[in-house]
Amino acid sequence: NAKPQPLTQAKSPNYNKVLVLLIDFQEETTDDPASTGNGKFQLEPDPDYLYSIAAPPHNREYYETNMEAMRHYYLAVSSGSYDLEYDVWPKTQAAYTLPNPMGYYNPPGATGEIFLARMEEYFQTAFTLADSIDPLINFADYGHYIIIHAGSDWQHDVNGDSPSDIPSFFIRVGEGKEVLVDGGTHRIYNACNVPATISQDFSQSGESTIYRSGYGALNSVLAHEFGHSLGLVDLYNVRSFQPMVGIFDIMDSGGSGILMD
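Going left to right, the sequence shown walks through residues -11 to 249 as our numbering numbers them.
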């Protein structure tokens, strides 16, 4: 068999380059029951975490490892045609801190109009903040953008008790809502958004029986959302969220990342 040839379709010269921004929120002095965590990345090991997969600390090295895993995944599924390069920022601090707590960006009971406006604000503020703090970032060098935020996401709220967790999604905004960076010379229209962890809502029954469906791995969610940046579409039923192709497919339910015993 002939060796697969690289993709020849015309793409941006930076189509294989990805910028990752680590974003956190104003720290919550008291636990907000509507969101997971306190608004900050968990930077210390957790001795109670049951798995080595996706366990804290969730620092820049952890996200670089996840990005390297995603590089190998897309290199494999593209038969060597797509070899991504990535940079994770910031370099000298844990994250870029947004001016509001997480709950501000996804308030419980918000109308669709308010939710959309807050997600657009979140998208714009994240890039504007990174651009102002780190002028060494040349956003025009990248063809794709990923935001990784502290806390968990709405899709993995097993108990349905943290409605302010921000969903994992791929956002594309229209003209007039793009972010101007690099001194106003570069425009960003889209980005992937994923959480620091998809693990939440652990529960225990008795002394030895543990319900573990709250544990999961970020890498599959990351690969799924990045697939949208490459032009791939959801292959699960977007109305019922049930599998259509099969749970093995990364753009179907294979992107959920839940660990199974």
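Every residue, glycine too, gets a C-beta built ideally from N, C-alpha and C.
Nonlocal neighbours in the same chain, by C-beta distance under 6 Å from T197, ignoring five residues either side = Any reading at T197 needs caution, since the residue's pLDDT is 42, under 50, leaving its predicted position unreliable; the model's value is listed next. No residues qualify anywhere along the chain.
Between F127, F13, W142, which lies nearest to N26 when the distance is taken from Cα to Cα?
-> F13
>> For a test of the three-state rule: what should DSSP assign to N181, helix, strand or coil?
In response: strand
Would you mind listing the alpha helix (DSSP H) stretches within the region 129 to 176 that are 4+ residues and don't spill past its ends, in chain order?
none
With a 10 Å radius around its C-beta and 16 neighbouring C-beta atoms as the bar for buried, classify P183 as buried or exposed.
buried
Quick one: any contact between the region 218 to 232 and the region 163 to 178, if contact means 3 or more CB pairs under 8 Å? no
Could you tell me which of V8, D149, S150 sits nearest to Y51, measuring between CA atoms? V8
Next item on the list: Could you please give the first and the last residue of the uninterrupted alpha helix (DSSP H) stretch that includes D119?
Entry: 100 to 121
- request: Confirm, please, whether the CB-CB distance from N181 to I238 is below 9 Å.
  value: no
Could you check whether T185 and G139 sit closer than 9 Å to each other, using their CB atoms as the reference points? yes
Problem set entry | Inter-residue CB distance, P155 and D141 (contact presumed, cutoff 8 Å) | 6 Å
Check your understanding: Out of curiosity, what's the CA-to-CA distance linking L210 and A57?
Key -> 10 Å
6 Å Cβ shell around P89 - same chain, five flanking residues per side excluded:
F13, Q14, E16, G27
Own chain partners of F157 with C-beta closer than 6 Å, once the 5 adjacent residues on each side are dropped:
N181
- prompt: What are the boundary residues of the alpha helix (DSSP H) that includes V209?
  reply: 206 to 217
Exercise for the section: Use the C-beta contact count for E49: other C-beta atoms within 10 angstroms, 16 or more gives buried, fewer gives exposed. Expected result: exposed
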